[in-house]
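Each remark here refers to the structure printed beneath this line.
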DNA sequence: CGCGAACTTGATATTTGTCAACTAAGGTGG
DNA sequence: CCACCTTAGTTGACAAATATCAAGTTCGCG
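Residue numbers (the working numbering), protein chains in the order written: chain X, 1 to 235; chain Z, 1 to 235.
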């Protein structure tokens with residue numbers, strides 16, 4: 001099982017074969033879920049830790065009917081909150097965007113890992129810290145960046161994060177987001193998201209054919225976005 | 001030492017006298033810092049965990065000169081990241097807003113607590129989860145709420161959080177933020193922050209005399225903000 | 001009393017949202 | 001295989017929210 005979780009954990013700490021085996025043994029199993037399905041719902045007390053092995057998912061919150069804000073994305077290798085045992089009720093929902101395959105860990109399994117394989121849990125804690133860094137960077141974007149730069153930033157973030165788990169080439173990846181999803185992420189309308197995408201296309205920075213995104217000039221896109229990759233590398 | 005940290009931890013787990021004593025013994029000491037001073041700087045590896053005992057502080061990031069985004073506030077009882085030992089370099093800075101008194105814990109002290117007083121660390125982990133919830137709610141606000149509602153939401157958030165540590169009355173508290181700080185928090189200009197403040201004042205929802213904020217009608221302000229307090233109570 | 005920082009105000013520019021209509025692409029039953 | 005149907009994407013015109021600029025005003029403090 002050289003899956004996305006292990007690839008991601010390796011970014012934070014080299015795993016021994018023993019540790020890899022422990023992860024396999026403790027998993028409750030793998031589920032396959034279609035696109036646009038809720039995995040966890042706001043207000044509910046989660047009972048397991050979810051690990052995305054394949055596909056795109058997101059965390060989101062709803063406000064007065066019809067308004068959804070996506071707060072962040074869960075990509076292959078990402079997990080829902082590790083400290084799930086400490087959570088009374090979830091403040092947000094989690095849903096798939098594309099079809100996903102998902103591994104579940106019981107809270108007992110996490111305790112077991114913490115006891116016998118503390119390095120794995122340390123790596124997972126680092127992932128938790130990175131998640132906070134991503135949330136902060138999203139706040140910075142929403143507060144300080146214009147819509148086109150924010151979009152550029154999102155595309156850069158996804159490039160780096162997907163590359164880390166082998167799901168992106170040097171300048172391209174599959175992007176299963178609808179324009180509505182992009183708008184709900186950046187806090188702009190669908191129409192505006194459409195226009196910002198066109199702007200980046202017209203400038204020759206990106207190409208989007210179906211669901212395949214190609215970044216024609218990664219350096220230029222990062223400059224446009226004022227993208228600093230350090231926040232995704234806090235090891 | 002019935003300080004803000006202990007009051008805050010008590011919200012998450014009853015502490016024994018023994019545990020309270022451990023906290024006192026392990027602290028490296030208390031510092032007093034003036035307003036508008038950096039406590040931690042982006043890019044630096046932090047060596048201790050900071051606990052705010054008194055005063056207002058914030059986390060912030062800078063973008064191309066002159067643009068600052070405050071991502072969240074550290075109020076009495078709040079701490080900087082607990083998993084500090086796992087952090088390579090900070091992705092953001094931390095600065096005081098008002099004069100603060102600050103307690104420092106060495107990483108060794110945190111390890112010591114984790115070993116002998118796991119409930120304290122659990123409580124601190126819950127605080128970390130709440131911090132993520134606060135960041136997500138800020139993202140929701142920036143994406144979905146108009147500037148006046150966002151301001152209303154911020155004032156409600158601070159009311160509840162300050163009440164939790166005994167620093168606010170039923171409908172009032174000291175608010176040491178400048179209008180520039182409010183703008184930098186909500187992602188709006190200073191001028192617009194000023195106008196939104198006036199709007200809430202003109203509607204009779206709040207009063208702001210010097211640095212003392214009075215919320216004339218808490219329920220109405222919460223309705224205006226679509227404020228749901230659950231996200232601050234995830235126990 | 002004077003000075004600087006914070007706050008306030010008005011006029012105008014820019015960005016983004018909303019509405020409404022239209023086009024393109026994929027899937028399904030006849 | 002086509003007609004239809006639904007969903008996603010696109011476009012233009014206009015409205016609303018917010019930024020920017022520039023000039024006051026107030027207030028605490030030395």
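Cβ atoms here follow ideal geometry from the backbone N, Cα and C, with glycine treated the same way.
Note that this is a predicted model, so its numbers are computed, not measured.
8 Å contact criterion, which residue i and residue j should meet: CB distance rounded
{"i": "residue 205 of chain Z", "j": "residue 192 of chain Z", "result": "Incorrect: roughly 17 Å between the Cβ atoms, too far for contact."}
{"i": "residue 138 of chain X", "j": "residue 224 of chain X", "result": "Actually they are not in contact, since the Cβ atoms of residue 138 of chain X and residue 224 of chain X sit about 17 Å apart, beyond 8 Å."}
{"i": "residue 143 of chain X", "j": "residue 153 of chain X", "result": "About 12 Å; that fails the 8 Å criterion."}
{"i": "residue 14 of chain Z", "j": "residue 117 of chain Z", "result": "Not really, about 13 Å apart at Cβ, beyond 8 Å."}
{"i": "residue 81 of chain Z", "j": "residue 129 of chain X", "result": "7 Å"}
{"i": "residue 188 of chain Z", "j": "residue 147 of chain Z", "result": "5 Å"}
Other residues of its chain near residue i: CB distance less than 7 Å, five sequence neighbours each side excluded
{"i": "residue 113 of chain X", "result": "22, 26, 120, 121"}
{"i": "residue 62 of chain Z", "result": "68"}
{"i": "residue 3 of chain Z", "result": "53"}
{"i": "residue 124 of chain X", "result": "79, 82"}
{"i": "residue 35 of chain X", "result": "96, 97, 98, 99"}
Proximity winner among the options, relative to residue i (alpha-carbon distances)
{"i": "residue 50 of chain X", "options": "X/20, X/76, X/145", "result": "X/76"}
{"i": "residue 86 of chain Z", "options": "Z/169, Z/111, Z/214", "result": "Z/111"}
{"i": "residue 186 of chain Z", "options": "Z/170, Z/171, Z/166, Z/155", "result": "Z/155"}
{"i": "residue 84 of chain X", "options": "X/163, X/178, X/109, X/62", "result": "X/109"}
{"i": "residue 177 of chain Z", "options": "Z/79, Z/95, Z/65, Z/82", "result": "Z/95"}
{"i": "residue 214 of chain X", "options": "X/6, X/17, X/55, X/170", "result": "X/170"}
{"i": "residue 64 of chain Z", "options": "X/145, X/31, X/123", "result": "X/145"}
{"i": "residue 212 of chain X", "options": "X/200, X/189, X/172", "result": "X/172"}
{"i": "residue 33 of chain Z", "options": "Z/97, Z/12, Z/66, Z/93", "result": "Z/97"}
{"i": "residue 99 of chain X", "options": "X/175, X/55, X/219, X/30", "result": "X/55"}
{"i": "residue 102 of chain X", "options": "X/218, X/220, X/92, X/37", "result": "X/37"}
{"i": "residue 229 of chain Z", "options": "Z/188, Z/158, Z/12, Z/151", "result": "Z/158"}
{"i": "residue 200 of chain X", "options": "X/151, X/10, X/12", "result": "X/151"}
{"i": "residue 231 of chain Z", "options": "X/12, X/35, X/92", "result": "X/92"}
{"i": "residue 31 of chain X", "options": "X/48, X/17, X/16", "result": "X/48"}
{"i": "residue 12 of chain X", "options": "Z/17, Z/88, Z/12, Z/10", "result": "Z/88"}
{"i": "residue 210 of chain X", "options": "X/174, X/218, X/219", "result": "X/174"}
Residues near residue i by beta carbon distance below 8 Å, same chain, minus five either side
{"i": "residue 72 of chain X", "result": "58, 59, 131, 134, 135, 138"}
{"i": "residue 90 of chain X", "result": "40, 41, 42, 43, 44, 45, 46"}
{"i": "residue 184 of chain X", "result": "60, 68, 69, 70"}
{"i": "residue 8 of chain Z", "result": "76, 77, 78, 127, 164, 165"}
{"i": "residue 238 of chain X", "result": "What the structure shows of chain X is the stretch from 1 to 235, and residue 238 of chain X is not part of that stretch, so it cannot be assessed."}
{"i": "residue 221 of chain X", "result": "152, 155, 156, 200, 205, 206, 215, 227"}
Spatial neighbours of residue i in its chain, beta-carbon cut-off 6 Å, leaving aside the 5 residues before and after
{"i": "residue 208 of chain Z", "result": "none"}
{"i": "residue 161 of chain Z", "result": "75"}
{"i": "residue 28 of chain Z", "result": "104, 106"}
{"i": "residue 5 of chain Z", "result": "51, 77"}
{"i": "residue 218 of chain X", "result": "171"}
For residue i, three-class secondary structure by DSSP
{"i": "residue 136 of chain X", "result": "helix"}
{"i": "residue 219 of chain X", "result": "helix"}
{"i": "residue 207 of chain X", "result": "strand"}
{"i": "residue 48 of chain X", "result": "strand"}
{"i": "residue 59 of chain Z", "result": "strand"}
{"i": "residue 42 of chain Z", "result": "coil"}
{"i": "residue 95 of chain Z", "result": "strand"}
{"i": "residue 177 of chain Z", "result": "coil"}
{"i": "residue 67 of chain X", "result": "strand"}
{"i": "residue 25 of chain Z", "result": "helix"}
{"i": "residue 201 of chain X", "result": "helix"}
{"i": "residue 188 of chain X", "result": "coil"}
{"i": "residue 16 of chain X", "result": "coil"}
{"i": "residue 9 of chain X", "result": "helix"}
{"i": "residue 110 of chain X", "result": "helix"}
{"i": "residue 54 of chain Z", "result": "strand"}
{"i": "residue 165 of chain Z", "result": "coil"}
{"i": "residue 32 of chain X", "result": "strand"}
{"i": "residue 87 of chain Z", "result": "coil"}
{"i": "residue 122 of chain X", "result": "helix"}
{"i": "residue 104 of chain Z", "result": "strand"}
Within 9 Å of chain X by C-beta, residues of the region 64-76 of chain Z in sequence order: 64, 67, 68, 69, 70, 71, 72
Interface residues of the region 114-143 of chain Z facing chain X [CB-CB below 8 Å]: 122, 125, 126, 128, 129, 131, 132, 133, 135, 136, 137, 138, 139, 140, 142, 143
Interface positions of the region 49-61 of chain X facing chain Z (Cβ-Cβ less than 8 Å), listed along the chain: Result list: 59, 61.
Residues within the region 167-192 of chain X neighbouring chain Z, beta-carbon criterion of under 7 Å: 187
Contact set between the region 83-102 of chain X and chain Z, restricted to residues whose Cβ is under 7 Å from the partner: Near chain Z, meaning a CB-to-CB distance below 7 Å, the residues of the region 83-102 of chain X are 83, 86, 87, 88, 89, 91, 92.
Residues, ordered as in the chain, of the region 29-44 of chain X that lie near chain Z by beta-carbon distance below 7 Å: none
Members of the region 219-234 of chain Z near chain X, C-beta cut-off 7 Å: For the region 219-234 of chain Z, residues whose beta-carbon sits nearer than 7 Å to a beta-carbon of chain X comprise 226, 230, 231, 234.
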